[in-house]
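Student: In this note's numbering, the protein residues as written are 674 to 813.
Dropping a structure here in structure tokens format, bear with me for questions.
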Amino acid sequence: MIATDFHVQVAARVSELRDLAAMVETFGETHDLPHRTIFIVNLALEELVTNTLVHGSFEEGVEPQIAIDLSIRDNRVHVVVESNGGKFDPTEDTEPDLTSELDARPIGGLGIHLVKTQADNFSYEFVDGINRLILEYNLT
């Protein structure tokens with residue numbers, strides 16, 4: 674039987690995103706996931722990893738660490754993203770302004786909004802100094 678679990682540590686470089694995307698593509702194709710699901714998972718991971726690397730508040734001298742787990746259970750793709758940066762709970766973010774003209778909107782917030790609205794379930798935990806985002810995508 675083919676394993677339905679995938680785990681990877683991402684180096685603290687945005688350049689690693691291409692390799693991560695390729696691994697997610699392979700995982701998705703191996704498990705015959707819909708192309709739309711593979712695309713949405715890759716988009717979410719790119720946004721979350723980039724935000725962690727660019728905006729994460731890592732203590733001086735602490736090497737940024739990001740771990741990603743993918744699994745298929747109960748007809749859902751489960752995605753867990755963990756990082757050791759300062760606490761950041763995206764579930765507390767206010768909803769972005771989607772009605773004003775683009776020039777009048779503040780910069781930021783749309784990526785997380787996109788990730789949250791594309792996931793069927795989106796939750797956050799902060800445990801032992803680790804940020805943990807849990808996303809689920811239904812396969813039915």
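All C-beta atoms, glycine included, are put in the ideal place defined by N, C-alpha and C.
It should be emphasised that the depicted structure is a prediction, and the values quoted were computed from it without experimental measurement.
Candidates ALA685, THR703, PHE799 and LEU812: which alpha carbon is nearest THR725's?
Tutor: Start at 1 with the first residue of the sequence shown, and residue 725 comes out as number 52. Per the Cα distances, ALA685.
Student: Count the CB pairs spanning the stretch 801-811 and the stretch 749-756 that are closer than 8 Å, and state whether there are at least three.
Tutor: Because the criterion of three Cβ pairs below 8 Å is met, the stretch 801-811 and the stretch 749-756 touch.
Student: According to DSSP, which residues form a beta bridge with SER756?
Tutor: Stepping through the sequence shown from its first residue, residue 756 is reached at position 83. Residue pairing from DSSP places SER756 in a beta bridge opposite ILE739 and ASN804.
Student: Measuring CB to CB, does VAL800 end up less than 8 Å from ILE739?
Tutor: Reading the sequence shown from its first residue, position 127 is the one you call residue 800. Reading the sequence shown from its first residue, position 66 is the one you call residue 739. Against a cut-off of 8 Å, the Cβ pair of ILE739 and VAL800 comes out as no contact.
Student: Mark ASN794 as exposed unless 16 or more other C-beta atoms lie within 10 angstroms of its C-beta, in which case mark it buried.
Tutor: As a first step, residue 794 must be located in the sequence shown, where it is residue number 121. It counts as exposed.
Student: Thinking C-alpha only, which one of GLY802, LEU775 and PHE679 is nearest ASP762?
Tutor: As a working mapping, residue 762 is identified with position 89 in the sequence shown. Minimum Cα distance to ASP762 is reached at GLY802.
Student: Under the three-state reduction of DSSP, which class applies to PHE731: helix, strand or coil?
Tutor: Sequence index remark: in the sequence shown, residue 731 carries index 58 (1-based). PHE731: coil per DSSP, three-state reduction.
Student: Enumerate in chain order the residues of its own chain whose CB-to-CB distance from SER730 is below 8 Å, with the five nearest sequence positions on each side excluded.
Tutor: Numbered from 1 along the sequence shown, position 57 holds the residue referred to as residue 730. Taken in chain order, the residues that qualify are GLY758, GLY759 and PHE761.
Student: For GLU798, does the count of other Cβ atoms within 10 angstroms reach 16, so buried, or fall short, so exposed?
Tutor: Position 125 of the sequence shown, counted from the start, is the residue given in the question as residue 798. Result: exposed.
Student: With distances taken Cα to Cα, identify the nearest neighbour of ASN804 among ILE741, ASP776, LEU783 and GLN791.
Tutor: In the sequence shown, the residue the question calls residue 804 occupies position 131. Here the closest residue by C-alpha is ILE741.
Student: Whose CA, out of LEU743, MET696 and GLU698, lies closest to the CA of ASP678?
Tutor: Position 5 of the sequence shown holds residue 678. Closest option to ASP678, Cα to Cα, is LEU743.
Student: Between which two residues does the beta strand (DSSP E) harbouring ASP678 extend?
Tutor: Within the sequence shown, the letter at position 5 stands for residue 678. Element bounds for ASP678: 678-683.
Student: Using the Cα positions of VAL687 and ARG746, report the straight-line distance between them to the nearest angstrom.
Tutor: Taking the sequence shown and counting its residues from 1, the one referred to as residue 687 is at position 14. Taking the sequence shown and counting its residues from 1, the one referred to as residue 746 is at position 73. Those two C-alpha atoms are separated by around 29 Å.
Student: Going by C-alpha to C-alpha distance, which of GLU689, HIS680, LEU706 and GLY701 sits closest to THR813?
Tutor: Here residue 813 refers to the residue found at position 140 when the sequence shown is read from its first residue. Looking at the Cα atoms, LEU706 is the closest of the given residues.
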